[in-house]
Every structure is written in C-alpha cells, then in structure tokens.
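Have a look at the structure below, then the notes.
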Amino acid sequence: MFREVRTFQLKIIKKFFLLFVLFTFFMSSDVFVLSATQTSTPQTSITPPEVFFGFQLGADRKIARWDKIVNYFQLLEKESPRIKVINLGPTTMGQPFLLVIISSPENLARLEQLKAINQKISDPRGLEENEIKTLINQGKTIICQSMSLHATEIGGTQMAPELTYDLLSRNDEETIRILENVIFLLIPCFNPDGQIMVTDWYYQTLGTEYEGSSLPWLYHKYAGHDNNRDGDFLNLQESIYAAEILYREWKPQAYVDHHHMGSYGARLYIPPYCEPIRPHADPLLWRELSWYGAHMAYKLEEAGKTGIINNAMFPGWGHFGWHWITPFHNIAGMLTESASARLASPLYIHPDQLRGGSLQFPEYEAQTNFPNPWPGGWWRLRDIVEQKKISAWAVLDLAARHRETVLYNAYLKAKRQIERGLNEKPRAFVVPAEQADRLTTIKMINTLLQSGLEIQKATTPITVNGLTYPAGSYLIPLSQPKRGLIINLLNRTLYPDNYWTRDRDGRPNRPYDLATHTMAEFMGVKVDPVDELPQGRLEPITEPIKVRGKIESGPSGYRLDGRLNDSYTAVSLLLDNKIEVFRVDLKTASLNPGDFLVPSAPLALLQNISEKTGVDFLPLATFPEKGFHRVRRLRVGLYQRYYGGNMDEGWTRLILEKFSLPYLTVRDADLKSGQLLKKIDLLIIPADSIAMITGELPEPSRRFLNTPPEYRSGLGKEGVEKLKEFVGRGGILVCLGEASNFAVEKFNLNLKNVVAGLDSKEFFCPGSTLKAEFNNQHPLAYGLPEQGLVLFYSSPAFEILPSENSEKYRVVVRYAERELLQSGWLIGEKHLSRKAAMIEVDYGQGQIILIGLRCQHRAQTHGTFKLLFNTFIR
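Per this note's numbering, residue 7 is the first one in the sequence shown, and the count goes up by one each step.
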C-alpha cells in the first residue's frame with residue numbers, strides 16, 4: 007500500500023514538474039508573451055500617416071506639406087515613447103528644422119549617457135583597450151539619415167513619416183532589435199523652406215499643362231541645388247544645424263543622404279561609390295560603404311525591386327557636401343539616388359528611352375552591380391517612397407544586427423587616424439598669426455571648430471623646422487581622429503589623372519564637382535604644413551573665437567586696413583550713417599593703397615561697428631596731402647532670372663547681405679524699362695550662360711523647362727540694347743565668371759576667350775586653384791596681394807585683340823607665367839600663361855568689368871571677395 011501511494015505521489019510530482027517546465031517555456035516564448043521591451047511600450051494607438059494626411063504618402067498627385075509633416079511628428083511624440091522630436095531652430099526663412107530621434111524608451115531615457123559613450127569611442131585618446139571594450143558593450147550604434155536636401159527630390163521627406171510610423175508601431179523581432187541597438191537620428195527634411203515652395207508650386211500647377219514642372223526660382227533662398235555643397239564652409243543655417251548633429255554632438259557611425267536623380271536610367275543608386283576615391287579616409291570606411299550597400303541591395307532585391315545599381319555613377323571623389331565629406335569625419339557617409347517622377351505626377355518611360363552612359367555603367371543592360379534592370383513603364387512617387395524606405399530600413403537593420411562590430415570599427419578608424427598623425431608627415435599645420443586678412447583667418451578657424459577639429463593657439467612664440475611663429479598663431483595637429491578632413495581642407499590637393507579619370511581615348515572625365523576643395527586656398531589664408539610638433543606653449547580652443555575691434559583715435563582720425571574683407575562692411579555701415587570716408591591711392595610710410603580713412607565719427611557708432619565687424623579703427627597720425635579720394639558706395643543691382651534660378655546669383659546675394667552691402671534685385675522688366683540708371687549705378691550679372699541671360703534657349707531646353715509664360719526670362723534683343731544704353735550713358739556692368747562671355751559677344755568687345763572651344767585633351771581645368779598676379783595699384787585690386795590664388799571654374803581667360811582702342815582695356819588680374827596649378831587638375835597650362843583673368847573696359851561713358859575667375863564662388867572664395875567689393879566701394 008505504501009509503495010502504491012509512493013508511486014502515485016511520484017507520478018503527480020512528475021506531472022507537475024512537466025507542467026512547470028512547459029509553463030516556463032511558453033511564458034518565455036514570443037509565441038505567447040511579448041518581450042519586456044514590447045510589453046512596456048504598447049503601440050496600439052499610433053496614428054497611421056494615411057489617416058493623418060488623408061492619403062497614402064507617395065500617392066499620385068499628392069504631396070504632404072512640411073507644416074503638416076511637423077504636426078504629424080509632434081502627434082507621434084505624444085502617442086509613442088519611442089520618439090523624441092527636437093526643433094533645432096528656424097531655417098533660413100523661418101520654418102522649423104527638426105531632428106527626430108527614434109529608439110527604445112530605455113535608450114531615449116539615457117540619451118546623454120549614450121552620447122557620452124559614443125564621444126569616447128569616436129575619440130579614444132587616453133583610453134585603454136579594456137575601457138574601449140566596456141564602452142562598446144554599453145554603447146549603441148548611432149545612425150543618421152536625412153531627406154530631401156534638394157527640395158524637388160520630394161521622395162525622402164514623403165517617406166520619412168511612414169518609416170517613422172513603422173518603427174513606432176511594429177513589434178516584430180527585427181523592429182525591436184533596431185530599437186534596442188540603434189539610436190536613429192532622422193532629419194525628415196533638410197530643406198523645409200524649399201519643401202514648402204515646391205509643394206505650393208506643384209498644387210498651383212496641378213491639372214495644367216505645367217503640372218510637375220520645376221520651380222521657376224531657387225528652391226533654397228540663397229543656394230538652390232548648391233545647398234549640398236556646404237558641408238565644409240557651413241554658410242547656410244541648415245548646414246549649421248546638420249554640422250552640430252553630425253560633426254560635434256552625435257558623431258554617428260553611418261549617415262545616409264537620400265536624393266533623386268534623372269528619370270531615364272537606373273531606378274535607384276545605392277552605395278558604394280565608384281572610382282576614383284578621394285584620399286586620406288581610413289580604408290576601413292570604404293569597406294563599410296560596400297557592407298551597408300550590399301545589405302541595401304539584398305533587401306531591395308528580396309522585396310522584388312528592379313533597376314537597382316551600386317558601385318557606379320557616383321564617384322568616391324565628389325564635392326564636399328554631406329555624404330561626401332562625412333567619410334573624413336570617420337562616418338560611413340552614403341548616398342541614395344532615386345529615379346525621379348514629375349514631382350508627384352506619374353511619368354511613363356518607354357523601354358527605348360532607358361540609358362546607361364555614366365561611370366561604370368556604360369549601357370542599360372544587366373551587369374554584376376545592376377543584375378535586374380527595370381523594364382520601363384509607369385514610374386510613380388510611390389515607387390520612390392517604397393524603395394527609399396527599404397534602403398533606409400536596411401541600414402538600421404545592419405547596424406542593429408552588428409552593433410558591436412560597427413562600434414569597434416568606429417573606434418578603430420579613429421585610432422588608426424590618430425596613429426597616422428603621430429607617425430606620418432606632415433605632423434601638423436600651423437596657421438601663422440601674421441596674415442593679410444586676420445579676420446578671415448579667424449573665420450576659417452571658427453569654421454574648422456564647427457567641424458569638430460582640435461585646434462590650439464600659441465600663447466608664446468613657437469618654433470618648428472627652424473622657423474619661429476609669433477604668439478597668436480594656431481596649431482592644428484594631425485594626431486586626431488579627423489586627420490583626413492584636415493589634410494583635404496588645408497593641404498595642396500591634386501586630382502588623380504589615371505585610368506579612372508580618362509576615357510579610353512584619353513579624354514579627361516570631368517570631376518563630379520570641383521577638382522579641389524582646399525579651404526585655406528579659397529580663403530586666402532596662409533597655412534604651413536610642418537613635419538614636427540612645435541616647441542612653445544599652446545592652449546586648446548574650445549569655443550568659437552569672438553573678435554572685437556579696437557578703437558584708437560589719432561590726431562587726424564582713424565585708419566582701416568584695406569586688406570580686410572570686413573573693412574568693407576565697416577565702411578558700408580559708416581556710409582549708412584552719413585560719415586565721410588576716404589581711400590588711399592598712393593603708398594606712404596604708414597598707408598597702403600586701398601586703406602580707408604575716417605577723419606571723424608561718433609565714438610558710440612565706431613564702438614558698435616567695431617564690435618559687429620571685428621575691424622580695428624587704428625590711429626591716423628597725419629592725413630595725406632594727396633593720393634586719396636572720397637569713397638562712394640555705388641547703387642548696386644543684381645540681375646535675377648527664372649528657369650529655376652541661378653545659384654551664383656543666390657550666393658552673391660548671401661555675400662552682399664553678410665557684409666551689409668545693399669543691393670537691388672533687377673529683373674528683365676527693370677532692364678527693358680530703360681529707367682535703370684534712375685535706380686542703380688552698377689549691375690552685376692552672376693556667372694551664367696549666354697543663352698540663359700538672353701533667354702535664347704534651344705528648343706530641347708525649352709521643352710524640358712516647360713515653364714509658364716510669366717516665368718520665361720531673358721533679356722532678348724530689346725534687353726541687350728537697353729543694357730548697352732545703360733552702360734553707354736555712364737552705368738557699370740560687372741560680369742562674373744562665364745557671364746563675361748555674354749558681354750564680350752553682345753557688346754562686341756575686342757577680347758577673345760582663349761580657352762573657348764578647345765578640346766579637353768588640349769585644355770582642361772575643372773575647378774582648380776591657380777596662381778595669379780594682381781595689379782594692386784589699380785583700384786579694382788586694392789587690398790589684394792601682388793601674387794595669390796584664384797579659383798578657375800568654367801572660367802573665361804582673355805586676350806586683348808589688336809584695335810585702335812586698346813587704351814580702353816586694362817588688365818587687373820592675370821594668370822602667372824608658369825607652374826600655374828596649386829590644387830586640382832590642369833591640362834594645357836600654356837593656354838592660360840599670362841592671360842587676363844579680370845579686365846576693365848571703358849564703354850561710352852560707362853565701364854564693363856569682366857571677372858572671369860570665380861571671385862565669390864559659393865560664398866567660399868574669401869581671398870578674392872575684394873575684387874567684387876571694389877567694383878562698387880570706390
């Protein structure tokens with residue numbers, strides 16, 4: 007009996023044990039119970055985007071406007087603990103610029119701690135290997151993706167709310183893995199101002215023959231399409247926000263910039279870039295681009311998407327915009343480019359219209375990096391949204407699956423760059439305190455600080471390589487994580503001339519943008535590479551340098567250094583206040599041609615101006631008896647056209663406004679009125695083609711532009727004749743860059759553009775810094791050195807033809823005789839040798855000034871700004 011009871015008890019115990027095991031298993035199983043993370047963040051009340059907007063994002067002929075998108079993100083923040091929405095501040099035109107952070111609630115609760123961990127991984131100086139392992143174990147991968155920098159490329163911003171909704175509402179294993187392992191920094195719109203312009207334009211033209219046409223004016227107030235060329239100089243407000251996110255505060259491991267491209271080729275470009283690559287990034291970075299790109303490609307093919315290409319079209323050496331400059335911040339900077347529709351209107355593409363013909367993509371047919379060509383048919387915004395979302399998700403997925411590897415590679419890239427800086431030459435760059443334009447030098451230093459570079463200032467004289475630099479000089483050591491960025495911005499750079507940069511017949515391939523982006527050369531700042539670290543006392547600069555000018559009155563008033571760009575701002579502000587200003591024409595013991603003289607002015611005004619500009623009002627001991635003239639600030643007009651606007655015009659506006667130099671926008675009707683001299687003294691025509699200036703466009707271009715009649719600009723014959731009258735009666739015409747060709751042709755000048763029509767095998771100079779000579783005794787070159795660097799970019803170079811009126815032509819700037827190239831790429835130097843880069847011509851009672859070099863390119867070439875300023879501060 008006892009044995010039977012014992013047996014029965016054992017059976018009961020076994021059954022309960024089995025039930026306990028099964029219960030424990032099922033309770034831990036995803037089949038029956040959500041994970042702790044999932045149960046703590048129920049996502050049952052998230053508003054879908056199609057409900058909020060009233061249509062599926064990407065639907066035909068529908069665009070969600072930025073203000074509504076902002077409202078949607080604000081709603082999502084209320085509905086989900088997985089999202090944090092930050093308004094970084096107003097854009098150029100006052101719209102909110104958002105940073106949206108998406109991760110698990112636990113990660114969002116300790117963002118500052120995770121940010122600090124990432125900062126240490128990104129700059130591991132002073133840390134031991136075991137400390138790095140601990141940080142990697144604690145850290146999260148940080149991924150940043152930005153949308154629709156170019157406002158007509160609308161797919162990214164339309165996709166962003168849907169991507170966000172999926173991350174907030176889904177609870178599958180893949181999504182949870184992303185949320186737990188990744189901090190996702192989403193910039194849902196890089197150009198909110200342009201997004202609103204394009205959206206409103208689209209709805210204005212919807213249902214008309216102009217539906218889907220391009221915006222007639224720039225889709226950024228100043229930069230238009232060039233807003234993606236500002237990752238180095240940070241001239242735009244939106245760029246400042248992005249730099250803070252990418253370069254200083256977060257330093258993500260990967261960054262994706264989502265764009266559109268033309269309609270008649272591949273459907274989507276994804277990483278990696280093709281050849282050539284720009285030097286000085288860590289080699290591991292180029293491998294990362296292939297790694298991320300392969301995962302994108304796999305997921306796109308898995309989803310049945312066709313026409314996907316990688317490792318083609320876009321080279322590793324491009325401009326220094328966001329996705330191309332981030333690799334030199336040790337960030338895996340990537341680009342996607344979707345084929346465009348007609349904004350939100352579908353586009354039918356015949357199979358016969360599909361083309362290759364770009365880098366490493368010669369024909370539209372299958373190849374290893376393009377295995378599944380799209381067959382043609384209707385192409386819609388929804389197609390763009392879907393493929394962008396798959397690409398964006400794939401980057402997050404890879405970073406989540408390989409969190410430790412991604413973080414270790416971030417550490418490794420930084421460590422290796424630091425070691426290269428310690429062991430390779432040069433070891434550092436010295437920026438001497440003695441500069442022609444000290445205030446522009448400080449602007450360069452502050453811009454480099456915004457890029458997250460370590461810079462030190464000498465508090466005593468420092469000695470290196472047998473040279474002594476005075477206190478106040480700056481040292482930029484290369485033993486820091488962003489070594490590659492420093493070398494590219496400050497050292498001489500030569501574009502590769504090899505198999506990848508020439509066609510089979512030896513013809514050079516034009517770089518994607520300029521052939522160099524050497525900041526110091528553009529800005530006219532002297533920088534010395536040094537092979538040893540200097541001896542002397544140095545202290546780190548931790549904040550942007552704020553400069554306040556000094557005011558020292560002399561017996562005869564004040565002197566302003568004419569070499570300073572900011573002196574022109576100071577003079578303009580003085581003239582605004584009816585203060586008399588003079589300019590020196592003859593050199594004396596203490597004065598140079600171009601210096602400004604101020605006999606007297608209220609002290610309070612001078613204090614305000616010196617604080618704003620940083621310009622010193624120096625004591626003037628003796629007012630010169632001769633060799634000076636009273637300064638006039640001419641009334642300036644700036645020509646503005648339609649057909650998408652002119653980026654060079656936008657950048658010129660920005661410069662004039664930054665330097666407090668007033669101007670009036672001039673359009674075709676103003677010119678044709680014949681009343682221009684009543685409004686302005688001087689007209690600037692920014693760099694542009696003759697066809698765009700005159701409006702005499704070839705028929706294919708007219709069909710492509712498809713612009714409503716009221717936005718079809720151009721001077722036409724009538725406008726050209728009125729412009730001739732303006733100059734002939736005493737007006738001044740200033741033509742920048744290739745606009746000089748317009749003046750040569752239409753005004754029948756005795757000039758020849760010596761590089762026009764030359765075969766590229768014979769002459770080729772795609773965006774390079776060249777050595778030039780300035781006639782700084784001429785008023786138009788006051789303040790410039792005798793020799794310096796200029797930017798050649800689609801520039802004319804002039805030869806004065808024999809005539810009876812040669813005395814009316816004066817060369818202000820000419821190219822050097824030999825060894826012209828400083829940085830970039832130059833074929834056929836002989837064609838530029840001693841040729842004019844800037845010419846002043848008398849025409850009737852007025853003048854024509856041709857500035858063939860790019861004196862104010864993208865508000866970057868500070869070293870030659872004065873060539874423009876001198877045309878109207880006289």
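All C-beta atoms in this analysis are idealised placements derived from N, C-alpha and C, irrespective of residue type, glycine included.
Using only the alpha-carbon positions, how far apart do residue i and residue j sit?
| i | j | result |
| --- | --- | --- |
| residue 114 | residue 121 | 11 Å |
| residue 803 | residue 746 | 10 Å |
| residue 766 | residue 324 | 20 Å |
| residue 94 | residue 150 | 15 Å |
| residue 826 | residue 131 | 41 Å |
| residue 252 | residue 553 | 27 Å |
| residue 427 | residue 455 | 18 Å |
| residue 867 | residue 613 | 29 Å |
| residue 42 | residue 91 | Confidence at residue 42 is low in this model, with a pLDDT of 33, below 50, so the placement of that residue is unreliable and no value is reported for it. |
| residue 723 | residue 752 | 10 Å |
| residue 626 | residue 478 | 25 Å |
| residue 327 | residue 212 | 33 Å |
| residue 6 | residue 141 | This structure does not reach residue 6, given that the chain is present from 7 up to 880, and the question cannot be answered. |
| residue 564 | residue 770 | 47 Å |
| residue 354 | residue 199 | 29 Å |
| residue 277 | residue 259 | 15 Å |
| residue 219 | residue 303 | 31 Å |
| residue 659 | residue 582 | 19 Å |
Count the other C-beta atoms from every protein chain shown that fall within 10 angstroms of the C-beta of residue i, then say buried if there are 16 or more, exposed otherwise.
| i | result |
| --- | --- |
| residue 657 | buried |
| residue 233 | buried |
| residue 139 | exposed |
| residue 116 | exposed |
| residue 5 | Any answer about residue 5 is impossible in this case: the structure gives the chain only from 7 up to 880. |
| residue 447 | buried |
| residue 298 | buried |
| residue 728 | buried |
| residue 356 | exposed |
| residue 567 | buried |
| residue 309 | exposed |
I need the DSSP call for residue i, collapsed to helix, strand or coil.
| i | result |
| --- | --- |
| residue 714 | coil |
| residue 59 | helix |
| residue 38 | Confidence is the limiting factor: at residue 38 the pLDDT is only 31, short of 50, which leaves the residue's position unreliable, though a coordinate-based value still follows. If DSSP states are grouped into helix, strand and coil, residue 38 belongs with coil. |
| residue 312 | coil |
| residue 461 | coil |
| residue 149 | strand |
| residue 529 | helix |
| residue 575 | helix |
| residue 828 | strand |
| residue 769 | coil |
| residue 319 | coil |
| residue 337 | coil |
| residue 31 | Bear in mind that a pLDDT of 37 at residue 31, under 50, signals an unreliable position, so the number given afterwards is only what the model happens to contain. DSSP places residue 31 in helix when its eight states are reduced to three. |
| residue 204 | helix |
| residue 65 | coil |
| residue 594 | coil |
Quick one: does residue i have its CB under 9 Å from some CB of chain B?
| i | result |
| --- | --- |
| residue 295 | Considering every chain present, this structure includes no chain B. It has just one protein chain. |
Assuming residue i contacts residue j under a Cβ cut-off of 8 Å, what Cβ separation, rounded to an integer in Å, is found between them?
| i | j | result |
| --- | --- | --- |
| residue 575 | residue 507 | Wrong, their Cβ atoms sit about 41 Å apart, outside the cutoff. |
| residue 286 | residue 493 | 5 Å |
| residue 527 | residue 775 | 5 Å |
| residue 686 | residue 736 | Not a contact, Cβ separation roughly 11 Å. |
| residue 464 | residue 544 | 6 Å |
Going by beta-carbon coordinates alone, are residue i and residue j separated by less than 9 Å?
| i | j | result |
| --- | --- | --- |
| residue 457 | residue 421 | no |
| residue 441 | residue 460 | no |
| residue 204 | residue 221 | yes |
| residue 339 | residue 331 | yes |
| residue 688 | residue 611 | no |
| residue 89 | residue 103 | no |
| residue 108 | residue 148 | no |
| residue 344 | residue 291 | no |
| residue 809 | residue 756 | yes |
| residue 305 | residue 166 | no |
Relative to the ligand NAD, is the shortest distance from any of its heavy atoms to the C-beta of residue i smaller than 8 Å?
| i | result |
| --- | --- |
| residue 461 | For the ligand NAD, the structure offers nothing, since it holds no ligand at all. |
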